[in-house]
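**Q** In mature numbering (1 follows the signal peptide of the UniProt record, and there is no 0), the protein residues as written are -21 to -1, 1 to 422.
We put the CB at the ideal spot given by N, CA and C, even for glycine.
Values in this document were obtained by computation on a predicted structure and should not be read as measured data.
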Amino acid sequence: MRAFLAALLLGISLLTGPAIAAPSATLITIDNNAWAGSSVNVLAGVRQSVFTEGNVQYAGFYNQQGYLVLAKRTLDDETWQTRVSPYQANVVDAHNHLSLVVDGSGFLHVSFDHHNTPLKYAVAVAPGSLELGELVSMTGKHENSVTYPQFYRLNNGDLLFNYRHGGSGRGVLVVNHYDHKTHQWSRRHDVLIDGEGKRSAYWDMTIDARGVLHLAWNWRETPDVASNYNLAYARSADQGKTWQTVKGANYAIPITDATADYAVVIPQNSNLMNPPAIAADANSRPFIANYWSAKPGDAPRYRVVTPDGDRWQVFDGPKTAADFSLSGIGTKRPPISRSVLLIKNKPDASLVHLIYRDDHQGEKVILATAALPAGKTVNALRWQQRPLTDLSVGAWEPSFDPQQWHLNSQAHLPVQQVEQLDGSDHQAAETAPKPFSLLMVNP
């Protein structure tokens, strides 16, 4: 089923520079029997549950019975082929999202169902296949307490796999490397970021068009989200072997609280969400997005951070009507979602796109865009907000297909109307299965 979703506002010029055109959006249903009692199928910070290889697009989700389902289509066809795997997950806990990727040899890799639990990882039996083989190890080391699996495909077709080993407030960031020609995993970093047993990093990473890795994270000292603090940054130009600060100074590995390069210093109890989102422009300039309160008593607000000369500049993001306090343990259900951050270069500006859910705008998917002029310093961005869906998406949060953005400047996002009980990882909302769909946006 295909539905065209009309943009409600015309594109207008927000700053001196190019006009921002109205987006077009298309929704394609992948499957109607997807689990909707938690937000496990549609979480922000997932890298990624939709991925394009050549002219084939792959997707993954959990069905109403909790089984991992894989799907694919050719890009010129709106009909998806699906296959239910033999693997079942604890879908009540939204931490247990999946991550998938296709390597340079055409094999689909999937990791799923983790919240301080042993690694679950499988590879398709043949290139282009949706049939998974048996669960296998990667390196066999530090695989007994895995959370937040993330796959990344390097420009040469090899893979990186990031995950947290250990619990909230005491975890470390582990990085594995996969050689797609030898089909072998190796350990790139036993500990890239070390919380030293006192804290853990909540990170996001992206690979830009030049192959540079950009990593952003906040720290958290306890399972309570209120203990989040600071936004830090690192980059790597050699596929994650060595890491530098934004000014090019080499990091000693592991990176710690004392040695991190901080983009913004944010105290605890500032309504800082985790993790941040990171993106980069065509010139490898990083951008970081998150929301937090600038001072006690302020409402949380989206913000975008980017280096400008020798300093990091913080831009206020689009305003929302939400005023809330972010605290507690478990999967939270705040009135605004975390965001996707996308950067598109124009000759005279960088377009900064945020995609998120806003309960005060009918729980719809919102696209907010601002133009950052090239070659000049500005103190503020002016944002244009436009809804991309007509109906509520519940507790949905955004993630996207990185290949579609890098190759075609299109945002392909999994979308599902889901419910999430605030702070609950052990009780599901009572709701029927809902369609799992793909929202294709040309911002």
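1. Any idea what DSSP makes of proline 352, helix, strand or coil?
2. For the segment 25 to 34 against the segment 403 to 411, are there 3 or more C-beta pairs whose distance is under 8 Å?
3. Pull up the DSSP beta-bridge partners for residue 427, would you.
4. Would you be able to state if there are at least three C-beta pairs under 8 Å between the segment 216 to 228 and the segment 249 to 257?
5. Less than 9 Å separating the beta-carbons of leucine 133 and tyrosine 142?
6. Does the distance from the CB of leucine 87 to the CB of leucine 138 come in under 9 Å?
7. Just curious, the alpha helix (DSSP H) that histidine 156 is in, first and last residue?
8. Helix or strand or just coil, what does DSSP make of proline 381?
9. Could you have a look at residue 423 and say whether DSSP puts it in helix, strand or coil?
10. Where does threonine 285 land, buried or exposed, given buried means 16+ other C-beta within 10 angstroms?
11. The beta strand (DSSP E) spanning glutamine 389 covers which residue range?
12. Which first and last residues belong to the beta strand (DSSP E) in which tyrosine 230 is found?
13. Terminal residues of the continuous beta strand (DSSP E) containing alanine 256?
14. DSSP beta-bridge partners for lysine 325?
15. For valine 125, does the three-state DSSP call read helix, strand or coil?
16. Might you give, ordered along the chain, the residues of its own chain that have their beta carbon closer than 6 Å to the beta carbon of tryptophan 222, omitting 5 neighbours on each side?
17. If you follow the beta strand (DSSP E) that asparagine 12 is in, where does it begin and where does it stop?
18. Please report the straight-line C-alpha distance between leucine 400 and aspartate 72, rounded to a whole angstrom.
19. Would you kindly report the start and end of the unbroken beta strand (DSSP E) that includes valine 63?
20. What did DSSP end up calling valine 104 once you bin it into helix, strand or coil?
21. What separation, rounded to the nearest whole angstrom, lies between the Cα atoms of leucine 22 and asparagine 95?
22. Please state the DSSP three-state secondary structure of valine 80.
23. Among residues of its own chain, excluding the 5 on either side of alanine 180, which ones have a beta-carbon nearer than 7 Å to its beta-carbon?
24. Rounded to whole angstroms, what's the CA-CA distance from serine 416 to lysine 343? Just pull it up for me.
25. Going by alpha carbons, who is nearest to aspartate 187 out of Arg264, Trp375 and Val115?
26. Which residue marks the beginning of the beta strand (DSSP E) containing aspartate 240, and which one marks its end?
27. Taking the alpha-carbon of alanine 301 as reference, which of Ile315, Gly309 and Gln292 has the nearest alpha-carbon?
28. Expressed to the nearest angstrom, what Euclidean distance is found between the alpha-carbon atoms of asparagine 358 and lysine 274?
29. Less than 9 Å separating the beta-carbons of alanine 328 and proline 352?
30. Check alanine 205 in the structure and name its three-state DSSP category.
31. Please report the distance separating the alpha-carbon of glycine 146 from that of glycine 354.
32. Using only the alpha-carbon positions, how far apart do alanine 350 and leucine 330 sit?
33. Could you say which of Asp337, Leu210, Val25 and Ser272 lies nearest to valine 372 if we only look at CA atoms?
**A** Inspection of the coordinates gives the following:
1. Along the sequence shown, one-based indexing puts residue 352 at 373. Strand.
2. no
3. Missing from the structure shown is residue 427; the chain here goes from -21 to 422 and no further.
4. no
5. As a first step, residue 133 is located in the sequence shown; it is residue number 154 there, counting from the start. As a first step, residue 142 is located in the sequence shown; it is residue number 163 there, counting from the start. No, the Cβ-Cβ distance between leucine 133 and tyrosine 142 is not below 9 Å.
6. Here residue 87 refers to the residue found at position 108 of the sequence shown. Here residue 138 refers to the residue found at position 159 of the sequence shown. No, these two residues do not count as a Cβ contact at 9 Å.
7. In the sequence shown, counting from the first residue as 1, residue 156 sits at position 177. Per DSSP, histidine 156 belongs to no alpha helix (DSSP H); it is in the beta strand (DSSP E), 151 to 158.
8. Here residue 381 is taken as the residue at index 402 of the sequence shown, counted from 1. DSSP places proline 381 in helix when its eight states are reduced to three.
9. Examination of residue 423 is not possible in this model, given that the chain is present from -21 through 422 alone.
10. Translated into positions along the sequence shown, residue 285 becomes position 306. Counting Cβ neighbours within 10 Å, threonine 285 comes out buried, since at least 16 surround it.
11. For the purposes of this step, residue 389 is identified with residue 410 of the sequence shown, where counting begins at 1. It is not in any beta strand (DSSP E) - glutamine 389 carries neither H nor E in the DSSP assignment.
12. Against the sequence shown, residue 230 aligns to sequence position 251. First-last for tyrosine 230: undefined, no H or E at that position.
13. On the sequence shown, position 277 is the one that residue 256 refers to. Unbroken beta strand (DSSP E) run through alanine 256: 256 to 259.
14. Sequence index remark: in the sequence shown, residue 325 carries index 346 (1-based). Its beta-bridge partners are Ala328.
15. Within the sequence shown, numbered from 1, the residue matching residue 125 stands at position 146. If DSSP states are grouped into helix, strand and coil, valine 125 belongs with the strands.
16. Looking up residue 222 in the sequence shown gives position 243. Within the same chain, tryptophan 222 has close Cβ partners Ala213, Ser215 and Tyr230.
17. Working through the sequence shown from its first residue, we reach residue 12 at position 33. Here the beta strand (DSSP E) through asparagine 12 covers 3 to 13.
18. Working through the sequence shown from its first residue, we reach residue 400 at position 421. Working through the sequence shown from its first residue, we reach residue 72 at position 93. If you take the alpha carbons of leucine 400 and aspartate 72, they lie about 10 Å apart.
19. Locating residue 63 in the sequence shown gives position 84, counting from the first residue. Element bounds for valine 63: 60 to 67.
20. Counting from one through the sequence shown, the residue named residue 104 turns up at place 125. Three-state result, valine 104: coil.
21. Within the sequence shown, the letter at position 43 stands for residue 22. Within the sequence shown, the letter at position 116 stands for residue 95. Near 17 Å, if we compare the C-alpha coordinates of asparagine 95 and leucine 22.
22. Looking up residue 80 in the sequence shown gives position 101. Correct three-state label for valine 80: strand.
23. As a working mapping, residue 180 is identified with position 201 in the sequence shown. Closer than 7 Å at Cβ, skipping near neighbours: Leu152, Ile172, Gly174, Trp196 and Trp198.
24. Reading the sequence shown from its first residue, position 437 is the one you call residue 416. Reading the sequence shown from its first residue, position 364 is the one you call residue 343. Approximately 15 Å, taken between the alpha carbons.
25. Numbered from its first residue, the sequence shown carries residue 187 at position 208. Minimum Cα distance to aspartate 187 is reached at Arg264.
26. Residue mapping note: residue 240 aligns to position 261 of the sequence shown, counting from 1. Aspartate 240 -> beta strand (DSSP E) spans 240 to 243.
27. Indexing the sequence shown from 1 puts residue 301 at position 322. The shortest Cα separation from alanine 301 among Ile315, Gly309 and Gln292 belongs to Ile315.
28. As a working note, residue 358 is residue 379 in the sequence shown. As a working note, residue 274 is residue 295 in the sequence shown. Taking the straight line from one Cα to the other gives about 19 Å.
29. On the sequence shown, position 349 is the one that residue 328 refers to. On the sequence shown, position 373 is the one that residue 352 refers to. Yes.
30. For the purposes of this step, residue 205 is taken as residue 226 along the sequence shown, with counting starting at 1. Note: alanine 205 maps to helix in three-state DSSP.
31. Reading the sequence shown from its first residue, position 167 is the one you call residue 146. Reading the sequence shown from its first residue, position 375 is the one you call residue 354. Whole-angstrom Cα-Cα distance: 44 Å.
32. The sequence position of residue 350 within the sequence shown is 371, counting from 1. The sequence position of residue 330 within the sequence shown is 351, counting from 1. In a straight line, the C-alpha of alanine 350 is about 5 Å away from that of leucine 330.
33. Here residue 372 refers to the residue found at position 393 when the sequence shown is read from its first residue. For valine 372, the nearest C-alpha among the options comes from Asp337.
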